[in-house]
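If you're matching them up, the sequences are chains A and B in order.
Heads up: the first sequence begins at 11 in the working numbering, then just goes up one per residue.
Heads up: the second sequence begins at 771 in the working numbering, then just goes up one per residue.
Structure first, then comments.
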Amino acid sequence: MAAMKKTNPSFLNGVPELLVLRLLAAREMYGYQIVEEIRTRTGEALAFGEGCIYPYLHYLEAEKQVSSRRREVEGRNRNYYKLTARGRKRLEALTTEWNRVTTGVALLMGVQHA
Amino acid sequence: MELGCPIAPTQRLIQEVADHREDLKQAALAEGLSGADAEARANAQLGDPLALAEELMAALRRSSWWGRHFVVTFCLLPLLAVPVLWFVLLLFQLSLVFTLGFGWDPKNLHAAAADPVAFRHLVIVIQCADSISIALATLLFCWLARRAAVNFKWMVTACTICSLYALFVQASIKPHTFEVGLSWTPQWIEAAIPLLIAGAIYLSRRRTMQRFLEKIAV
């Protein structure tokens, strides 16, 4: 019980991290794109506060999970973020944890529905 | 920046939020909103700038040990850092003095204590170790405060602790005697060093902030 108390809140805090890292694993993106992708690909079930993505991206960059560069595309200069090797490892760990939790929850829900 | 946020990340955040605002505005225009309505919606979607700055500060704090444990870093570590730095500096300076002047034979050390000129050099070494270690420790904690993006008051706290330490902890040297410990005779000059450094950094930050705000206004 003590272990659950310690693990689950930190896992829930890791959900935004999982989403951002998952998106950046596919391609280099800028903040607006990330927010839009999260909104559309989760069927608007999840949404980042528009401006809040940037402090979060800066945090991930300080943790060396993502790197950024200024890049001009179609006449607009923007900061593009991409996943680093450390970010990829973190993504693997978070994905494993996510699968463990969702499997556990699905089993429990299945038992309750039965 | 009033919150103590470092300049470079703040500038970057402003740039990114401005880009984001432009994207939101373009999206609203594409939906058929007028220019004024599109801008108003973009601003509403972005939220409060102060809340964003606080988020940035929190994100920067979370990314370093110093920021996550700011009470330990800025209240307790100065008490350890000053004597450690002092000891390292003292050893360094003494090695220099003895290597250059007397060698490491204990007989030579006693000879140095008996010689007024050589003894004067030792006194200078001790005084320099005192002042330089206090200044270095203060600069170290000011740098950490900036790096960890903690509130300015934590930097002032660390400087005050360094100052109090310098005020009452004293190393004194007499011929054949070396003492380190608490003294009720205040060392005003050493104690002033951290406060002067904190004041200079505060003024420098104010000036940088003013320049930055002028630049944004332009």
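For glycine and all other residues, C-beta sits at the position ideal for the given N, C-alpha and C.
What you are looking at is a predicted structure, and each value in this text was computed from that prediction instead of being measured.
Requested in this report: Run down chain D in chain order and give the residues with a C-beta less than 7 Å from the C-beta of B/Asp-793.
Outcome: Among the protein chains in the structure shown, which are A and B, there is no chain D.
Query raised in the report: Name the DSSP beta bridge partners of A/Glu-82, please?
Result: Bridge partners of A/Glu-82 according to DSSP: A/Asn-87.
Query raised in the report: Does A/Ala-57 have its Cβ less than 7 Å from a Cβ in chain B?
Result: For A/Ala-57, no CB of chain B lies under 7 Å from its own CB, so it is not counted at the interface with that chain.
**Report entry** Test item: CB-CB of B/Ala-919 and B/Met-979 under 7 Å
**Finding:** Not a contact, by the Cβ cut-off of 7 Å.
**Report entry** B/Val-893 burial status per 10 Å Cβ neighbour count (16 or more: buried)
**Finding:** Within a 10 Å sphere around the beta-carbon of B/Val-893 sit fewer than 16 other beta-carbons, which makes this residue exposed.
Report task. Kindly identify the DSSP beta-bridge partner or partners of B/Gln-940. Result -> According to DSSP, B/Gln-940 bridges with B/Gly-951.
Query raised in the report: So the alpha helix (DSSP H) B/Asp-807 belongs to, where does it begin and stop?
Result: If you look at B/Asp-807, you'll find it in the alpha helix (DSSP H) that goes 805 to 816.
Query raised in the report: Closest Cβ-Cβ distance between B/Leu-822 and chain A: below 7 Å?
Result: Yes, because at least one Cβ of chain A sits closer than 7 Å to the Cβ of B/Leu-822.
Query - Residue span of the alpha helix (DSSP H) that contains B/Leu-822, given as start and end - result: Counted as a single uninterrupted DSSP element, the alpha helix (DSSP H) harbouring B/Leu-822 occupies residues 819 to 832.
Requested in this report: Find the residues of chain A that neighbour B/Gln-815, judging by a C-beta separation of less than 8 Å, and give them in chain order.
Outcome: Glu-60, listed in chain order.
Query raised in the report: For chain A, is any of its Cβ atoms less than 7 Å away from the one on B/Glu-801?
Result: Closer than 7 Å: no.
Query raised in the report: Are any of the Cβ atoms in chain A nearer than 7 Å to that of B/Leu-914?
Result: So, not an interface residue.
**Report entry** Distance CB(A/Gly-41)-CB(B/Leu-822) smaller than 7 Å
**Finding:** No, Cβ-Cβ distance for A/Gly-41 and B/Leu-822 is not below 7 Å.
Requested in this report: Work out the CA separation of A/Tyr-64 and B/Leu-783 for me, nearest whole Å.
Outcome: Across the structure, B/Leu-783 and A/Tyr-64 are spaced so that their CA atoms are roughly 7 Å apart.
Query raised in the report: Checking contacts by CB at 7 Å: is A/Arg-49 closer than that to chain B?
Result: For A/Arg-49, the answer is no, since every Cβ of chain B falls outside 7 Å of its Cβ.
Query raised in the report: Straight-line CA distance for B/Glu-763 to A/Ile-44?
Result: Because chain B in this structure spans residues 771 to 988, residue 763 of chain B falls outside the shown range and cannot be described.
**Report entry** CA nearest to the CA of B/Ile-967, picked from B/Lys-795, B/Arg-917, B/Leu-799 and B/Cys-912
**Finding:** In terms of CA proximity to B/Ile-967, B/Cys-912 leads the group B/Lys-795, B/Arg-917, B/Leu-799 and B/Cys-912.
Report task. For A/Glu-73, decide whether its Cβ has a neighbour in chain B, counting only Cβ atoms nearer than 7 Å. Result -> Chain B contact via Cβ: present.
Query - Limits of the alpha helix (DSSP H) - the one that B/Gly-802 falls within - result: B/Gly-802 -> no alpha helix (DSSP H), and no H or E assigned at all.
Report task. Determine whether the Cβ of A/Ala-12 lies closer than 7 Å to any Cβ atom of chain B. Result -> Its pLDDT being 40, under 50, A/Ala-12 is placed unreliably in this model, and the value from its coordinates should be taken loosely. Closer than 7 Å: no.
Query raised in the report: Run through DSSP, which three-state label would A/Val-76 get?
Result: Correct three-state label for A/Val-76: strand.
Report task. Keeping to the same chain, check which residues put their C-beta closer than 7 Å to that of B/Phe-889; ignore five residues upstream and five downstream. Result -> Excluding the 5 residues flanking it on each side, B/Phe-889 has same chain C-beta neighbours closer than 7 Å at Ala-882, Ala-883 and Pro-945, in chain order.
Query raised in the report: Does B/Pro-776 have its Cβ less than 7 Å from a Cβ in chain A?
Result: No - not a single Cβ of chain A is within 7 Å of the one on B/Pro-776.
Query raised in the report: Name the DSSP bridge partner or partners of A/Tyr-40?
Result: Its beta-bridge partners are A/Tyr-90.
**Report entry** Chain-ordered neighbours of B/Leu-830 on chain A, where CB pairs are closer than 9 Å
**Finding:** Going along chain A in sequence order, the residues near B/Leu-830 (Cβ under 9 Å) are Pro-65, His-68, Tyr-69 and Ala-72.
**Report entry** Residue range of the unbroken alpha helix (DSSP H) whose run includes B/Phe-889
**Finding:** Membership of B/Phe-889 in the alpha helix (DSSP H) is indicated by the continuous run 886 to 917.
Query raised in the report: Under the rule that 16 or more other beta-carbon atoms within 10 Å means buried, what is B/Phe-862, buried or exposed?
Result: Flag for B/Phe-862 reads exposed.
Query raised in the report: How close, in whole Å, do the beta carbons of B/Phe-844 and B/Trp-924 come, if the pair is a contact with beta carbons under 8 Å?
Result: With a contact defined as Cβ atoms closer than 8 Å, B/Phe-844 and B/Trp-924 qualify at about 4 Å.
Query - Of the residues B/Ala-970, B/Gly-837 and B/Thr-780, the one placed nearest B/Leu-820, counting alpha carbons only - result: Nearest option by C-alpha distance: B/Thr-780.
Requested in this report: Report all residues from its chain with a CB closer than 6 Å to the CB of B/Ile-931; omit the five preceding and five following residues, and keep chain order.
Outcome: Cβ contact annotation for B/Ile-931 (same chain, cutoff 6 Å, sequence separation greater than five): Pro-848, in chain order.
Query raised in the report: With a cut-off of 8 Å, do at least 3 Cβ pairs link the stretch 892 to 906 of chain B to the stretch 810 to 818 of chain B?
Result: Judged by Cβ distances under 8 Å, the stretch 892 to 906 of chain B makes no contact with the stretch 810 to 818 of chain B, as fewer than three pairs qualify.
Query - As assigned by DSSP and simplified to three states, the class of A/Glu-47 - result: In the three-state DSSP reduction, A/Glu-47 falls in the helix class (H, G or I).
Query raised in the report: Helix, strand or coil: which one does DSSP assign to B/His-790?
Result: It is helical.
**Report entry** Contacts around B/Gly-951, its chain only, beta-carbon distance under 8 Å, and the 5 residues preceding and following it disregarded
**Finding:** Taking B/Gly-951 as the centre and dropping the five residues before and after it, the same chain places the C-beta of Val-939 and Gln-940 closer than 8 Å to its C-beta, in chain order.
Query raised in the report: According to DSSP, is A/Phe-58 helix, strand or coil?
Result: Assignment of A/Phe-58 by DSSP, reduced to helix, strand and coil, places it in the coil class.
Report task. Quick one: list the residues of chain B neighbouring A/Arg-88, beta-carbon separation under 7 Å, in chain order. Result -> Those within 7 Å of A/Arg-88 in chain B are Asp-789.
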